Amino acid sequence: MRVRQLAAAVGLVVGVCMQPVWSAPPGAPGAPPAITPAMAAAPGASLTQGDDGHIRIQLVSRDEVEISSEIGAKIASLPFRDGDAFRAGQTLVSLDCSLFAAQLRKAQAEADAAAQLNHVDERLSQLHSIGEIDVDEARAKAKASAAEVAYMQATVRKCVIAAPFDGRVAKRTAAAQQFAEAGKPILTIVDTSHLELRMIVPSKWLAWLKPGHALTVHVDEVGKTYPASVARVGARVDPVTQTVDVTAALDGHAPELLPGMSGWASFASK
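Now the structure itself:
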C-alpha cells in the first residue's frame, strides 16, 4: 500500500513539474511586470522563457554553405582563413587546372579542324564532288568537336570558386597544395550580413503572433538591444510541448553580431 502511495505522489510531482508555464508578452493583458534583460539572463533563468514572458533566442546565419570542388585537382590558392571576411564574387578557392587547360586547347584545335573540314565538304557537295553522306559525317564531327570544347570550357570554369555572398569563413578544412577531391568540403562559409533570430514560443501565441509582429531582442554577448520583426512562423506545433518555432529578422544591419550569439526577445503588445 505504501509503495502505491509513494508512486502516486512521485507521478503527481513529475506531472506538475513538466507542465510548461507560459505567460503573455510584456504589455499584453495579464502580463507580469517587465524585467530588464540583465535579470532575464541571470543565473537560473529559463533557457526558453523568462518569468516575464521574455523568450530565449539564438542568432543564426540565413545561409551557411560548405564549399567543395566539383573536380579533382590540386589546390593552388586558398586565401581566406577561419574568421576572415570576404565579399561576394571574391575568389575563395583556386585550383591548379593546367591539365584541363591543355585539354581545352586541344579540343579547340580539333574543333577548328572539324569546322574547316565541314566547310570544305559543303563546298564540294555543291559541286557534286562528294556524296551527301560525307557531308553529314563532316557536320556531325564538327558538332561533336564543338560539344567537347564546351565541356572543357565548363570544366576549366570550375577551377575557380567565387563567394556566392558577403560573409566570413567559419571553418577551413583544406590547405593550399593539398589535393581537392570532388565533393569533399574545403571551406564552410556563413552569411553574416543576414542574421535571423530563432526561438520557440507557446503555441497559444499563434492567436496573435503573425509575420511582421514587432519585437526587441537583447543580445547577451554585446549587451545591446535591437529592433526586429517576426519573419516566419513554423508550419507545425509540437504536440508534446505545445510549442512552435518562430524566426525573426533584425531591422537593419548590425556588423557586431555573429551567428551563435544569444539573448532574450520581448514582444510588443498585441
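If you count by mature numbering (1 follows the signal peptide of the UniProt record, and there is no 0), then the sequence shown holds residues -23 to -1, 1 to 247, one letter each, in order.
All C-beta atoms in this analysis are idealised placements derived from N, C-alpha and C, irrespective of residue type, glycine included.
Just so we're clear, the structure is a prediction, and the values are computed from it rather than from any experiment.
Asked: Taking Cβ to Cβ, would you say Val146 is nearer than 8 Å to Ala84?; Found: no
Asked: Indicate the three-state DSSP secondary structure (helix, strand or coil) for Gln35 in the structure shown.; Found: strand
Asked: Is the separation between the beta-carbon of Leu174 and that of Ile48 shorter than 8 Å?; Found: no
Asked: How close, in whole Å, do the beta carbons of Ser180 and Gln130 come, if the pair is a contact with beta carbons under 8 Å?; Found: Contact doesn't hold; Cβ gap of about 54 Å is too wide.
Asked: How is Leu183 classed by DSSP in three states: helix, strand or coil?; Found: helix
Asked: Does the structure place the stretch 155 to 175 close enough to the stretch 82 to 96 that three or more beta carbon pairs sit under 8 Å?; Found: no
Asked: Name the residue from Ser45, Ile32, Tyr128 whose alpha carbon lies nearest to the alpha carbon of Phe77.; Found: Tyr128
Asked: Could you check if His230 is buried or exposed, using at least 16 other CB atoms within 10 Å of its CB as the buried criterion?; Found: exposed
Asked: Who pairs with Ser54 in a beta bridge, going by DSSP?; Found: Ser71
Asked: Using a threshold of 8 Å, state whether the C-beta atoms of Ile32 and Val178 are closer than that.; Found: yes
Asked: Would you report the Cα separation of Asp143 and Thr193, rounded to the nearest angstrom?; Found: 25 Å
Asked: Could you tell me whether the Cβ of Asp59 comes closer than 8 Å to any Cβ of chain C?; Found: No chain C is part of this structure, which consists of one protein chain only.
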